[in-house]
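Asker:
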């Protein structure tokens, strides 16, 4: 039953069959030992201190399974480290190949979009020229407004002076009368 569980775990993991077989070969004996000793260990029952043989057997079994657990953990770490290195190698290979492929793709994209890029450049140039033309027209309009305002101010000043002169002339006429 336990072995079926280990096989099921490996099968459901989605690993390739060779990798799954490697895991079963590496960890299967732990399952067999656990299955074999499950009943034996449960038969060791200590109910008083005089059962030194059973106590010693329990110690031996505990030590054996402690060693097995530590060995299992070491095996797990080694296999995970190998998987990690494999993953890192895959990533490094992919990055290297991407660095070869991407420039070719980008160059090809520029060639593919040549007409579109030229049209965009032309449209940008037209837009900039239009903005310059509009800015020049706006500047000319503002200059014209300033000239007109200056002329109006000068005309107003002239009219004020003329009015002041007329007022003085009329004032003198009234004074002479």
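Numbering (the numbering used here), first residue to last: 2 to 178. Quick reminder that beta carbons are idealized off the backbone N, C-alpha and C, glycines included.
Can you name the start and end residues of the alpha helix (DSSP H) that residue 76 belongs to?
Answerer: Within the chain shown, the letter at position 75 stands for residue 76. Per DSSP, residue 76 belongs to the alpha helix (DSSP H) from 53-113.
Asker: Evaluate contact between the stretch 41-50 and the stretch 26-33, counting only Cβ atoms and requiring at least three cross-stretch pairs below 8 Å.
Answerer: Flag = no, the stretch 41-50 and the stretch 26-33 do not touch.
Asker: Measure the C-alpha to C-alpha separation of residue 52 and residue 58 and round it to an integer number of angstroms.
Answerer: Taking the first residue of the chain shown as 1, we reach residue 52 at position 51. Taking the first residue of the chain shown as 1, we reach residue 58 at position 57. Near 10 Å, if we compare the C-alpha coordinates of residue 58 and residue 52.
Asker: I need the boundaries of the alpha helix (DSSP H) containing residue 50, first residue and last residue.
Answerer: In the chain shown, residue 50 corresponds to position 49, counting from 1. First-last for residue 50: undefined, no H or E at that position.
Asker: Do residue 47 and residue 55 have their C-beta atoms closer together than 8 Å?
Answerer: If you number the chain shown from 1, residue 47 lands on position 46. If you number the chain shown from 1, residue 55 lands on position 54. Yes; because the gap between Cβ atoms is below 8 Å, this pair is in contact.
Asker: Here's the rule I'm using: 16 or more other beta-carbon atoms within 10 Å means buried, otherwise exposed. How should residue 11 be labelled?
Answerer: By 1-based counting over the chain shown, the position of residue 11 is 10. Residue 11 is buried by the Cβ-count criterion.
Asker: Quick check on residue 18: does DSSP put it in helix, strand or coil?
Answerer: For this step, residue 18 is matched to residue 17 along the chain shown. Three-state DSSP puts residue 18 in a helix.
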